[in-house]
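At position 32 of the sequence shown the residue is numbered 1349 (my numbering), and the sequence of numbers has no breaks.
Positions of the beta carbon are idealized from the N, C-alpha and C atoms, including for glycine.
Accompanying notes for the structure given below.
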Amino acid sequence: MILGEGFVPCTPKGVMRLLDEYDVDLEGQHVVIVGRSHLVGRPLVQLMLNKNATVSIAHSRTKHLDQLTSQADVLVVAIGQKEFIKWQHVKKGAIVIDVGIHRDKDGLHGDVSQDALEEASMFTPVPGGVGPMTIAMLLENTMLAYRERERLKWN
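In structure tokens:
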């Protein structure tokens, strides 16, 4: 992504594919990514920048997190904490991408609370949102790896 060709991690690739499929134009949009992992948060920063978005990255220890996230046109949450993002964190009409998944006795939950999703114009459900896209991108990356191996084998 930064150093040249290679495979894009599956979850960030799935998030970008979802946004593309729903014709979300990221150019000039303020994207806030809550989560700084090497597998999701950091790769997403680069992918969003490649689409000319203005990107802010935050985490669980970010001071005044609600002030930052409530300015986001697109809010991506991959923090790994059940229902961490509440309604006051979300700008009315924002697009919310919930990457988290947590299982407890009440079922599956994301990193974003249900009341926060009510503020959004679009959101990914948990379950059934980013997870299936991650699997689809894993299959796509597997196919790309196979094709690359075959190409190299015959050169």
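Helix, strand or coil at residue i [DSSP, three-state]
| i | result |
| --- | --- |
| E1322 | coil |
| V1447 | helix |
| D1390 | coil |
| R1353 | coil |
| G1424 | strand |
| V1341 | coil |
| V1407 | coil |
| I1418 | coil |
| I1452 | helix |
| M1333 | helix |
Burial state of residue i (16 or more Cβ within 10 Å)
| i | result |
| --- | --- |
| Q1388 | exposed |
| P1329 | buried |
| Q1398 | exposed |
| A1395 | buried |
| G1476 | Outside the displayed range of the chain (1318 to 1472) lies residue 1476, so it cannot be described from this structure. |
| T1459 | exposed |
| P1449 | exposed |
| D1428 | buried |
| A1437 | buried |
| P1442 | exposed |
| A1462 | exposed |
| L1469 | exposed |
| G1446 | buried |
Opening and closing residue of the beta strand (DSSP E) in which residue i lies
| i | result |
| --- | --- |
| A1375 | 1371–1375 |
Beta-carbon separation (whole angstroms), residue i vs residue j, contact threshold 8 Å
| i | j | result |
| --- | --- | --- |
| L1434 | V1413 | 6 Å |
| D1432 | H1406 | Going by Cβ atoms, the distance from D1432 to H1406 rounds to 10 Å, so no, they are not a contact pair. |
| K1403 | S1430 | 5 Å |
| I1350 | V1341 | Not quite, the Cβ-Cβ distance comes to about 15 Å (not below 8 Å), so this is no contact. |
| Q1346 | T1386 | Not a contact, Cβ separation roughly 14 Å. |
Span of the alpha helix (DSSP H), counted from its first residue to its last, around residue i
| i | result |
| --- | --- |
| A1433 | 1431–1434 |
| P1360 | 1358–1367 |
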